[in-house]
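All remarks here apply to the structure that follows.
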Amino acid sequence: MSPSNEQILIDYLDNILDGEDRQQAEKLIGDDAAAAKELADLQFSVELVREVGVLEQVQEVRNSFAAGAKLVPLQKKENGAVVRSFSRNVFRVAAMVVVILGAASIYKYSNTTATSIYNENYASYELTSSRGTNNDGDLETAYRNKNWTGAETAFSQLTDKTAKSWFLAGMASMELKKYDQATTYFKEVIKINSNSSEPVYQDEAEYYQAMSWLAAQHPAEGLAILKKIRSDKNHLFYKKANAINALDLKVLDIKY
Amino acid sequence: MKAAFYSDEELVAAIRHNENLNKPIQFIYQEYSEKLSSFLINYGASEQESQDVFQETVVAFVDIVKKDRYRPDAKISTFLTAVAKNIWFNEVKKKERTAFREKQFEKGRDQEEADVSHFINEREMKQQMRNLVYQLDEPCRKILLLFYYENLSMKEIVHHLPYENEQVVRNKKSKCLQRLTGIVKNHPAIAGITNKKND
């Protein structure tokens, strides 16, 4: 199967083709048994992904249930209709709310850590071909291949280390869970950029430095950077930093 | 959390129409988890096992309803009980528990329960297959889940993941789907199924 036909099948599966393109895809599937089989395989994979989605959603409910966030049952009549008794006075409801909020707060407080925020929000950095024209040779190749130790080695052999190479080495360290090392490397990116008229990988280094601080159990340092990014609309990672649960950050701020 | 109340019909409709799926799932946990867990514990499951089986029961039920394969011949409680019993029975068989325990279980397999055996056989295989998705790295899994499960657009995914633009996301998503398909095709047990499906 050629890559272009494979993409046509995926687009067909995603239902984004119309007109002539759709007809072309249908012809391909109708005429070519291998294409029809490939489409079935792709559909099968999508079905698996959807099942994993259900599984993860059920697990999420299970976890919150296990954490004690019990639901408030409603009374039922014989015929199944819901009865909300007027006799439930305001104090009962208020007490219940206080208990639930209290339990939720305790749960949130005890479960929110720098590591939990890192785990929920860290996503690997994908190096795209559209990014810049410089090629750091072996380092970039190793990075693209997710060969993190290879990237480390290639970086150590570089004689002229650019902001980009420090950044990639920092990300490779993140993937290798060498968070302190990653932090040092990101600092270098920022240092190089401070003496440059054309800073590169500055926003990336700042965001991932915040992540590395969190992972390395230095929440105060990580939070300070995240606060800065969250208030800077022009920052490349503004949306990503703001996608981090504000309550989690608040809890972390209080804890540390 | 406050539980919404659903009649059987409303619960099926809510799952089928994907209306904030967390709520119907929460309702199922609220209504049935304790009852069914005790029931499974009576048949030799540990607390952990009973919760795992209940989780798998809910996944199976949601999947069956979403695919429009649920027929309301019996009450949902009866259906869930039958699914849970069968899943647990298969677990017992797999783990080759003592003959005594199986005998006890067999006694409990009454004649009137809903016939869910065909769902269960299929489920066993699906459980294995789902694990294949976890062979993908996390960014791949995330992108596929956001697109195919959360139904987010490429534009929305750009906001969730550190990719530069929609085209990058689209390419990455295609590669991830191809990678997963490759993993699936290479799995000896699965290869047979997909071939059969296409026959």
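Each protein sequence line maps, in turn, to chains Y and E.
Its first residue numbered 649, the first sequence is counted upward by one per residue in my numbering.
Its first residue numbered 35, the second sequence is counted upward by one per residue in my numbering.
We treat Cβ as the ideally placed atom computed from N, Cα and C, and that holds for glycine.
Residue of the options minimising C-alpha distance to residue i
{"i": "residue 856 of chain Y", "options": "Y:774, Y:664 and Y:806", "result": "Y:774"}
{"i": "residue 218 of chain E", "options": "E:163, E:192, E:209 and E:74", "result": "E:163"}
{"i": "residue 120 of chain E", "options": "E:106, E:102, E:109 and E:88", "result": "E:88"}
{"i": "residue 662 of chain Y", "options": "Y:844, Y:687, Y:683 and Y:678", "result": "Y:687"}
{"i": "residue 243 of chain E", "options": "E:107, E:113, E:104 and E:118", "result": "What is shown of chain E runs 35 to 233, which leaves residue 243 of chain E out entirely."}
{"i": "residue 882 of chain Y", "options": "Y:851, Y:867, Y:810 and Y:898", "result": "Y:851"}
{"i": "residue 177 of chain E", "options": "E:159, E:160, E:197 and E:165", "result": "E:197"}
{"i": "residue 652 of chain Y", "options": "Y:667, Y:683 and Y:679", "result": "Y:683"}
{"i": "residue 820 of chain Y", "options": "Y:658, Y:793 and Y:844", "result": "Y:793"}
{"i": "residue 195 of chain E", "options": "Y:890, Y:657, Y:677 and Y:705", "result": "Y:890"}
{"i": "residue 859 of chain Y", "options": "Y:765, Y:796 and Y:702", "result": "Y:765"}
{"i": "residue 787 of chain Y", "options": "Y:768, Y:658 and Y:812", "result": "Y:812"}
{"i": "residue 804 of chain Y", "options": "Y:833, Y:828, Y:843 and Y:875", "result": "Y:833"}
{"i": "residue 74 of chain E", "options": "E:44, E:116, E:170 and E:181", "result": "E:116"}
{"i": "residue 166 of chain E", "options": "Y:842, Y:714, Y:695 and Y:760", "result": "Y:695"}
{"i": "residue 126 of chain E", "options": "E:185, E:67, E:77 and E:70", "result": "E:77"}
{"i": "residue 868 of chain Y", "options": "Y:846, Y:666 and Y:898", "result": "Y:898"}
{"i": "residue 108 of chain E", "options": "E:82, E:67, E:203 and E:46", "result": "E:46"}
{"i": "residue 185 of chain E", "options": "E:52, E:67 and E:168", "result": "E:52"}
Span separating the alpha-carbon of residue i from that of residue j
{"i": "residue 697 of chain Y", "j": "residue 854 of chain Y", "result": "33 Å"}
{"i": "residue 732 of chain Y", "j": "residue 862 of chain Y", "result": "Low confidence applies to residue 732 of chain Y: its pLDDT is 48, below 50, so where it sits in the model is not reliable, and the reading given next is rough at best. One C-alpha to the other measures close to 46 Å."}
{"i": "residue 62 of chain E", "j": "residue 92 of chain E", "result": "8 Å"}
{"i": "residue 675 of chain Y", "j": "residue 871 of chain Y", "result": "55 Å"}
{"i": "residue 172 of chain E", "j": "residue 865 of chain Y", "result": "22 Å"}
{"i": "residue 885 of chain Y", "j": "residue 838 of chain Y", "result": "15 Å"}
{"i": "residue 887 of chain Y", "j": "residue 878 of chain Y", "result": "8 Å"}
{"i": "residue 214 of chain E", "j": "residue 49 of chain E", "result": "27 Å"}
{"i": "residue 826 of chain Y", "j": "residue 800 of chain Y", "result": "11 Å"}
{"i": "residue 671 of chain Y", "j": "residue 208 of chain E", "result": "21 Å"}
{"i": "residue 187 of chain E", "j": "residue 654 of chain Y", "result": "20 Å"}
{"i": "residue 114 of chain E", "j": "residue 95 of chain E", "result": "7 Å"}
{"i": "residue 763 of chain Y", "j": "residue 814 of chain Y", "result": "24 Å"}
{"i": "residue 649 of chain Y", "j": "residue 810 of chain Y", "result": "40 Å"}
Environment of residue i [buried if 16+ CB atoms lie within 10 Å]
{"i": "residue 211 of chain E", "result": "buried"}
{"i": "residue 831 of chain Y", "result": "buried"}
{"i": "residue 900 of chain Y", "result": "buried"}
{"i": "residue 79 of chain E", "result": "buried"}
{"i": "residue 849 of chain Y", "result": "buried"}
{"i": "residue 807 of chain Y", "result": "exposed"}
{"i": "residue 97 of chain E", "result": "buried"}
{"i": "residue 110 of chain E", "result": "buried"}
{"i": "residue 58 of chain E", "result": "buried"}
{"i": "residue 60 of chain E", "result": "buried"}
{"i": "residue 895 of chain Y", "result": "exposed"}
{"i": "residue 678 of chain Y", "result": "exposed"}
{"i": "residue 102 of chain E", "result": "exposed"}
{"i": "residue 222 of chain E", "result": "exposed"}
{"i": "residue 699 of chain Y", "result": "buried"}
{"i": "residue 105 of chain E", "result": "exposed"}
Simplified DSSP state of residue i, which is helix, strand or coil
{"i": "residue 809 of chain Y", "result": "coil"}
{"i": "residue 863 of chain Y", "result": "helix"}
{"i": "residue 649 of chain Y", "result": "coil"}
{"i": "residue 207 of chain E", "result": "helix"}
{"i": "residue 831 of chain Y", "result": "helix"}
{"i": "residue 222 of chain E", "result": "helix"}
{"i": "residue 112 of chain E", "result": "helix"}
{"i": "residue 215 of chain E", "result": "helix"}
{"i": "residue 885 of chain Y", "result": "coil"}
{"i": "residue 84 of chain E", "result": "helix"}
{"i": "residue 662 of chain Y", "result": "coil"}
{"i": "residue 170 of chain E", "result": "coil"}
{"i": "residue 760 of chain Y", "result": "coil"}
{"i": "residue 847 of chain Y", "result": "coil"}
{"i": "residue 842 of chain Y", "result": "helix"}
{"i": "residue 683 of chain Y", "result": "helix"}
{"i": "residue 189 of chain E", "result": "helix"}
{"i": "residue 798 of chain Y", "result": "helix"}
{"i": "residue 793 of chain Y", "result": "coil"}
{"i": "residue 711 of chain Y", "result": "helix"}
Under 7 Å by beta carbon: chain C residues contacting residue i
{"i": "residue 650 of chain Y", "result": "Checking the listed chains, one finds no chain C in this structure; the protein chains it contains are Y and E."}
heavy atom of the ligand FMN below 7 Å from residue i C-beta
{"i": "residue 208 of chain E", "result": "This structure does not include the ligand FMN; it has no bound ligands of any sort."}
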